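Residue numbers (my numbering): 11 to 594. Quick reminder that beta carbons are idealized off the backbone N, C-alpha and C, glycines included. Here the structure is a predicted model, which means the values were calculated and not measured. Since the structure comes first, as structure tokens, the remarks are kept for the end.
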Amino acid sequence: MARPDPHSYNDSTQPETETLDWKARVDFRTRRLHAEATLTLKEASAGPLDLDTRDLEILRVVDGNGRPLPYMLAPPEPILGSRLRVELPQGVRQLTVHYRTSPTASALQWLTPSQTAGGQHPFLYSQCQAIHARSLVPLQDTPRIRIRYRASLRVPKALKAVMAASFVGREEHGVEAEEHYEMPQPVPPYLLAFAVGSLAPKELGPRSRVWAEPELLEDAAEEFSGVDDMLRAAESLFGPYDWERFDLLTMPPSFPYGGMENPRLTFLTPTLIAGDKSLVNVVAHELAHSWTGNLVTNASAEHFWLNEGFTVFAERRILEALAGKEVAALHGALGRRALEEAMHHFREHPHLTALRTHLTGVDPDEAFSQIPYEKGYLFLRALEDAVGRETFDGFLRRYLATYRFRALTTEEFIAFTERELPGALAKVDADAYLQRPGIPGGAPSPRSSRLEALLRLRGTVPSKDAVKDWTPAEWQLFLEWLPSDAPRDLFRQLDERFELTQSRNSEVLVAWLVAALRAGWEPAVARTEVFLGEVGRMKYLKPLYGVLSASREHKPLARSLFQKNAERYHPIARQGVELILSRA
Numbered sequence: 011m012a013r014p015d016p017h018s019y020n021d022s023t024q025p026e027t028e029t030l031d032w033k034a035r036v037d038f039r040t041r042r043l044h045a046e047a048t049l050t051l052k053e054a055s056a057g058p059l060d061l062d063t064r065d066l067e068i069l070r071v072v073d074g075n076g077r078p079l080p081y082m083l084a085p086p087e088p089i090l091g092s093r094l095r096v097e098l099p100q101g102v103r104q105l106t107v108h109y110r111t112s113p114t115a116s117a118l119q120w121l122t123p124s125q126t127a128g129g130q131h132p133f134l135y136s137q138c139q140a141i142h143a144r145s146l147v148p149l150q151d152t153p154r155i156r157i158r159y160r161a162s163l164r165v166p167k168a169l170k171a172v173m174a175a176s177f178v179g180r181e182e183h184g185v186e187a188e189e190h191y192e193m194p195q196p197v198p199p200y201l202l203a204f205a206v207g208s209l210a211p212k213e214l215g216p217r218s219r220v221w222a223e224p225e226l227l228e229d230a231a232e233e234f235s236g237v238d239d240m241l242r243a244a245e246s247l248f249g250p251y252d253w254e255r256f257d258l259l260t261m262p263p264s265f266p267y268g269g270m271e272n273p274r275l276t277f278l279t280p281t282l283i284a285g286d287k288s289l290v291n292v293v294a295h296e297l298a299h300s301w302t303g304n305l306v307t308n309a310s311a312e313h314f315w316l317n318e319g320f321t322v323f324a325e326r327r328i329l330e331a332l333a334g335k336e337v338a339a340l341h342g343a344l345g346r347r348a349l350e351e352a353m354h355h356f357r358e359h360p361h362l363t364a365l366r367t368h369l370t371g372v373d374p375d376e377a378f379s380q381i382p383y384e385k386g387y388l389f390l391r392a393l394e395d396a397v398g399r400e401t402f403d404g405f406l407r408r409y410l411a412t413y414r415f416r417a418l419t420t421e422e423f424i425a426f427t428e429r430e431l432p433g434a435l436a437k438v439d440a441d442a443y444l445q446r447p448g449i450p451g452g453a454p455s456p457r458s459s460r461l462e463a464l465l466r467l468r469g470t471v472p473s474k475d476a477v478k479d480w481t482p483a484e485w486q487l488f489l490e491w492l493p494s495d496a497p498r499d500l501f502r503q504l505d506e507r508f509e510l511t512q513s514r515n516s517e518v519l520v521a522w523l524v525a526a527l528r529a530g531w532e533p534a535v536a537r538t539e540v541f542l543g544e545v546g547r548m549k550y551l552k553p554l555y556g557v558l559s560a561s562r563e564h565k566p567l568a569r570s571l572f573q574k575n576a577e578r579y580h581p582i583a584r585q586g587v588e589l590i591l592s593r594a
């Protein structure tokens, strides 16, 4: 027996899944999916087949001819959930599991009409990364096993079901409709994704459209109208786009991430709709995942940097192509700040600050941080600096071509790089990034004239003329660089001059609120209370709850705000905030 992924019951001696046929009826009343999953294996093999599940009610398991198969659902283990072991007779390649999901399935968030923009219809969406697909479907929930799938979702007729897959058709049956989708390319299970709600589309370009609640559709379409330019820039850097369409779904405010790179239908937080297209770098990040993550995937959460480090690198190359080196450098500086904060957060768990992690017994959601993103980016930047951009671009294209529609480990990446760029790993001291904690002393640092200009203004109240061309990234850096002992009067002057407490840009607003709360600038408290009831994005919840709970004066407020808003947050976000409050 061998379990190569510490977060899956999958045994490498057992057959792998080739395709999934999934049928589910969405029941908003009971908050359950009534479903069946048909798994077709790559080969027939008599003996046990271990599948990952979490809180699933298993009704029966049958073979391709409908004959019952013996199975056993083990008691749940922390992190992993319950192993479903099915005994396969000789010659069986297909099995169907009939089951129901739990009302508290960790991959699903059920929203009441009052939690949507329209206020008339409920909403449901899935979020399977990192290991939540098992609460949705019984399967081999490890990214190293990619599957093609077909899906049918039965939903209330007034609603639309969308999936990160190719639309096949819709049939209406009385008060319900059945929507059919197909994913012809093999994907890791964490990219299974769907949403059900009052949704409407608008075309953005020949390969892209945006979906949103009708009340948000025009604003979303305007904000994301430049997506085709991004797509062309990315293809010029990384090669042809392999997923046919790059559609976008504007999520409800409770969505816990900035975006999720589900192929063919990227999910995006509505906090990106700033009215000036200033936050669409998140779209560039999710688009970059079409190559680094979706096309080439990490084999397990222990190699997560292979997804996110490469994607941050690719995102900043796209930004550089569209907006220039100065803007890319600003985002690099923001990333460095985020990395330093993450290193501080994990100071008592330094093993989690190496890129190649060892996560047996560790929940990947608890290990999640900016470290694989930004330290991974620095490692790739160091390699690019060492061999030159032209050579590194060629290496990157060969890497993507070699591992196309596959998953790999850090060790496989090292072997590939040694063959393709001999001596480069030693030149940059790759072990300092991959195996050792902390930020390597020789890591690349962003440099630009705009960064230098910002540093000269640190701790001052700049004139309106000085900031008239600032991007949100410059505002963030300026606010994050405010001295920790800055007087409250500085915050009063900044707010009077720039109305930062009323900013429509969520990135700027959160940077301002965190700095102002630390300084004891009281008007920031009321705005924070309102904001924490409006959004569910973890990038904003964690620092705001963190700064409130670190204050003796505001710790009770942090707890009462969480109690008031917890039901609006996604389960993954609730878990993250609970952890912050428990440590306060």
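Bounds of the alpha helix (DSSP H) holding Leu589 are Pro581 to Arg593. A distance below 7 Å between beta-carbons, with the five flanking residues on each side excluded, links Ala161 to the following residues of its chain, in chain order: Trp32, Met173, Ala175 and Tyr191.
Scanning the region 367-426 for uninterrupted beta strand (DSSP E) segments of 3 residues or longer gives 416-418, listed from N- to C-terminal end. Annotated three-state conformation of His108 is strand, per DSSP.
Comparing alpha carbon positions, the residue from Glu336, Tyr443, Phe508 and Val306 closest to Leu461 is Glu336. Between His580 and Gln119 the beta-carbon gap is near 5 Å, inside 8 Å, which marks them as a contact. Look at the region 112-146 and you find no whole run of alpha helix (DSSP H) that is 4 residues long or longer. The continuous stretches of beta strand (DSSP E) do not include His564, and DSSP gives it neither H nor E. Going by beta carbons, Leu365 and Trp301 fall outside the 8 Å limit. Excluding sequence positions up to five before and after Pro224, its CB lies within less than 6 Å of the CB of Ala210, all in the same chain and listed in chain order. A direct Cα-Cα distance of roughly 10 Å separates His108 from Val147. Closest in alpha carbon position to Asn575, among His359, Leu542 and Met548, is Leu542.
By the neighbour-count definition (other C-beta atoms within 10 Å, threshold 16), Phe415 is an exposed residue. If you draw a straight line from the Cα of Pro123 to the Cα of Ser561, it comes to about 35 Å. Restricting attention to Val545, Pro78, Lys549 and Asn317, the CA atom closest to the CA of Pro262 is found in Val545.
Taking a cut-off of 8 Å on C-beta distances, the region 52-72 touches the region 91-105, as three or more cross pairs fall below it. His299 and Leu305 have their alpha carbons spaced roughly 8 Å apart.
Only exposed fits Thr114, as fewer than 16 other CB atoms lie within 10 angstroms of its CB. Here Gln150 is buried, its C-beta having at least 16 other C-beta atoms within 10 Å. Three or more Cβ pairs closer than 8 Å define a contact, and the region 369-377 falls short of that threshold against the region 513-527. Per the coordinates, the alpha-carbon of Val237 lies some 34 Å from the alpha-carbon of Gly556. A distance below 7 Å between beta-carbons, with the five flanking residues on each side excluded, links Arg242 to no residue of its chain.
For the set Ile157, Thr111 and Val165, the Cα lying nearest the Cα of Phe133 is the one of Val165.
The beta carbon of Arg408 sits closer than 8 Å to those of Glu430, all from its chain and outside the five residues before and after it, given in chain order. Ranked by Cα distance from Ala529, the options Trp485, Asp495 and Ala187 are led by Asp495. Cα atoms of Pro86 and Arg274: separation of roughly 34 Å, rounded to the nearest angstrom.
Within 10 angstroms of the beta-carbon of Thr470 lie fewer than 16 other beta-carbons, which makes it exposed.
Here Pro382 is buried. Its C-beta has 16 or more other C-beta atoms within 10 Å.
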